[in-house]
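Below: the structure, in structure tokens.
Residue numbers (the working numbering): 9 to 73.
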């Protein structure tokens, strides 16, 4: 592990909602944590760097509100 970052519940919720409404993917909050870190600038990305975010879960309950 090279780096660990923290994201808030609200940031994970927003990422899960984005995944649902923009991509049609139902991820639970922890499953959207990597995307939340990327969307909120917690991880620095170099120009032309390829990025992969693992998304897991099928908990659409978290995005129902």
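Glycine included, each C-beta is placed from N, C-alpha and C at the ideal position.
- Put simply, the backbone Cα of residue 51 is about 6 angstroms away from that of residue 45.
- Residue 63 is positioned such that its CB atom lies closer than 8 angstroms to that of residue 43.
- 8 angstroms or more divides the Cβ of residue 26 from the Cβ of residue 34.
- Across the set 10, 11, 9 and 21, the C-alpha of 21 shows the shortest separation from the C-alpha of residue 41.
- Apart from the 5 residues on each side of it in sequence, residue 17 sits with its Cβ closer than 7 angstroms to the Cβ of 37 in its chain, given in chain order.
- Between the C-alpha atoms of residue 49 and residue 12 there is a straight-line separation of about 13 angstroms.
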